Amino acid sequence: MQKKHKLLIVAISSLLFVTSVTATAVLIGKLGNKKVKATTKEDLNALVDALEYPSTNAQAKQEIKDSYKDVEKSNDLNRFKEDIMKIAEKVRSAKAKIAELSEAKRTELNAELDKTNTDEEFNALNEKIKQATFEDKKAEVLASIAALAYPSTAAQAKEDLKVRVNVLTTIEELDAFGITVANDISKKVSDLKDRIAKLTEEKRAELNSDLDSADTDAEFKAIEDKLNPIEVANKKAELDALVDAIAYPSQSAQAKQDIKDRYKDFTDVKELEKFKDTIKSISEKVSAANEKIAKVIEEKRVELNNELDRADTDAEFNALNDKLAFETRRAELITVVKELSYPGYDSTKSDKSKLDFEAEVKALTEQTFDAKEKEIKSFSEKLKAKKAILDAVPYTIQNAEGRVEVGKLVDEARTEALLDRYVPDTW
Numbered sequence: 000m001q002k003k004h005k006l007l008i009v010a011i012s013s014l015l016f017v018t019s020v021t022a023t024a025v026l027i028g029k030l031g032n033k034k035v036k037a038t039t040k041e042d043l044n045a046l047v048d049a050l051e052y053p054s055t056n057a058q059a060k061q062e063i064k065d066s067y068k069d070v071e072k073s074n075d076l077n078r079f080k081e082d083i084m085k086i087a088e089k090v091r092s093a094k095a096k097i098a099e100l101s102e103a104k105r106t107e108l109n110a111e112l113d114k115t116n117t118d119e120e121f122n123a124l125n126e127k128i129k130q131a132t133f134e135d136k137k138a139e140v141l142a143s144i145a146a147l148a149y150p151s152t153a154a155q156a157k158e159d160l161k162v163r164v165n166v167l168t169t170i171e172e173l174d175a176f177g178i179t180v181a182n183d184i185s186k187k188v189s190d191l192k193d194r195i196a197k198l199t200e201e202k203r204a205e206l207n208s209d210l211d212s213a214d215t216d217a218e219f220k221a222i223e224d225k226l227n228p229i230e231v232a233n234k235k236a237e238l239d240a241l242v243d244a245i246a247y248p249s250q251s252a253q254a255k256q257d258i259k260d261r262y263k264d265f266t267d268v269k270e271l272e273k274f275k276d277t278i279k280s281i282s283e284k285v286s287a288a289n290e291k292i293a294k295v296i297e298e299k300r301v302e303l304n305n306e307l308d309r310a311d312t313d314a315e316f317n318a319l320n321d322k323l324a325f326e327t328r329r330a331e332l333i334t335v336v337k338e339l340s341y342p343g344y345d346s347t348k349s350d351k352s353k354l355d356f357e358a359e360v361k362a363l364t365e366q367t368f369d370a371k372e373k374e375i376k377s378f379s380e381k382l383k384a385k386k387a388i389l390d391a392v393p394y395t396i397q398n399a400e401g402r403v404e405v406g407k408l409v410d411e412a413r414t415e416a417l418l419d420r421y422v423p424d425t426w
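Note that numbering that gives the first Met the number 0 gives residue 326 to position 327 of the sequence shown, counting from 1, and the numbers run on in steps of one.
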């Protein structure tokens, strides 16, 4: 019983082994039948022809093809395929760098690239590209130096800058120096040249000579130190002229000197330039005050003009304008007085009445003004009404004796009570 079981187990094991071997053989057969396409010379030729050499018939292409023309094994051809792909990347890289060079160098190095296909040749070419890039950058920096706007085209500073360029040995140094020339030296030269151009001929000659020799921060600062006091003096003279032109009532107004004293210690041209706005503001305030003073009564003009001649601060102008506002009201009230509609049958009396009113107005203070203004304006309205009533009395003639006599009384009246007494509202 036990022996039968052992035989059965052996039989089953043998069957499983045979089945396994058969399955493996079938799998190997299938894999063997699945073929991978081998690289051919035609494939390599197509890759070489597609290489982006500057010239389509570059010598290097033929040299690459010659390197595998006698190779027959597929594995070897595959290795050549990998080499060609590496060459393709090197060609693209070199070609891109050459494209950034000057035209003369592009022509020369593209011709050399057309002959390059080995590592040694690419290394040599890249060194030449690096040197050409350095030379182009150097030429670019030298050109920017030549273009600097020094007063003289043959400025010594340009030669000094070229010497500084010629000792540089790396692209990075050239880049940094190029930035210095373009962003620092160029701006300083142009700025100083423009500022010097505004000076007198004598000063221009001296400072332009200094500028033609300047190419360092210290040298530029030395010119600044000479230039600034001259510019400050010139700017102060310009401001003095603006102040002298302010339309103060008196040419020798004290305010003019006070204004000049406010900037006499300034040492910064920009600060002086900014003060122009202050002068403009003062000038506008003076002009406005002049217009107001011209409208006040003559007796007050001298006093107000004298005060204006001393005004140059906001506080002083505010105080003056407060007085002008009051004097403008006084002048307007005097106009009301002068236009009082007396009948005029006795012009001597009516003129005297107006003069008496005017004298009262001229003597008014700010504290007493409002009451008198109200009184005179009310009197003016009542006078118009009473004159209309008097004119409407049906006398047979305009200059009837009764109308004239009443009119003369009205001509000397200066209160509403007298007007009511002489000309009742119901005649």
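Where a beta carbon is used, it is the ideal one built from N, C-alpha and C, also for glycine.
Predicted model only: the values in this text are computed from it and were never measured.
In the DSSP assignment, the alpha helix (DSSP H) including residue i goes from what residue to what residue?
i           : result
residue 157 : 155-165
residue 367 : 365-391
residue 81  : 73-98
residue 204 : 200-211
residue 178 : 170-179
residue 102 : 102-112
residue 47  : 40-48
residue 130 : 118-145
residue 359 : 346-361
Which of the three DSSP states, helix, strand or coil, is assigned to residue i?
i           : result
residue 265 : coil
residue 53  : coil
residue 477 : Lying outside 0 to 426, the shown extent of the chain, residue 477 is not represented and no answer is given.
residue 326 : helix
residue 25  : The pLDDT assigned to residue 25 is 37, lower than 50, so where the model puts this residue is not dependable; a value taken from the coordinates is nonetheless given after this. Residue 25 falls in the helix class under three-state DSSP.
residue 151 : coil
residue 411 : coil
residue 184 : helix
residue 221 : helix
residue 340 : coil
residue 197 : coil
residue 37  : coil
residue 333 : helix
residue 394 : coil
residue 422 : coil
residue 416 : helix
residue 214 : coil
residue 399 : coil
residue 189 : helix
If contacts are defined as beta-carbon pairs under 8 Å, then residue i and residue j qualify, I think. What distance do you get, rounded to the angstrom?
i           : j           : result
residue 52  : residue 118 : With 8 Å as the limit, residue 52 and residue 118 do not qualify as a contact, their Cβ atoms being about 17 Å apart.
residue 144 : residue 157 : 6 Å
residue 327 : residue 284 : Not a contact, Cβ separation roughly 16 Å.
residue 344 : residue 407 : 5 Å
residue 444 : residue 134 : Nothing about residue 444 can be reported from this structure: the residues present for the chain run from 0 to 426 only.
residue 417 : residue 402 : Not a contact, Cβ separation roughly 17 Å.
residue 259 : residue 276 : Contact doesn't hold; Cβ gap of about 16 Å is too wide.
Would you say residue i reaches chain B, if we count a Cβ-Cβ gap shorter than 9 Å as a contact?
i           : result
residue 368 : Among the chains of the structure shown, chain B does not appear; only one protein chain is present.
Does the count of Cβ pairs from the region 264-276 and the region 296-304 closer than 8 Å reach three? no
Kindly provide the ranges of any alpha helix (DSSP H) runs that are 4 or more residues long and lie completely inside the region 253-320, ordered along the chain. 253-262, 268-292, 297-308
Whole alpha helix (DSSP H) runs in the region 225-256 with 4 or more residues, listed along the chain? none
If contact is defined by three or more beta carbon pairs under 8 Å, each pair taking one atom from either stretch, is the region 353-361 in contact with the region 327-344? yes
Take every Cβ of the region 132-141, pair it with every Cβ of the region 167-187, and state whether three or more of those distances are shorter than 8 Å. Between the region 132-141 and the region 167-187, the count of Cβ pairs shorter than 8 Å is three or higher; the stretches touch.
Does the count of Cβ pairs from the region 307-316 and the region 241-257 closer than 8 Å reach three? yes
Would you be able to state if there are at least three C-beta pairs under 8 Å between the region 239-251 and the region 210-221? no
Determine contact between the region 95-115 and the region 63-70, defined as no fewer than three beta-carbon pairs at a distance below 8 Å. No: the two stretches stay apart, fewer than three of their Cβ pairs being nearer than 8 Å.
Any contact of the region 215-222 with the region 162-179, i.e. 3+ C-beta pairs under 8 Å? no
Cβ contact (3+ pairs, closer than 8 Å) linking the region 357-369 and the region 394-407: no
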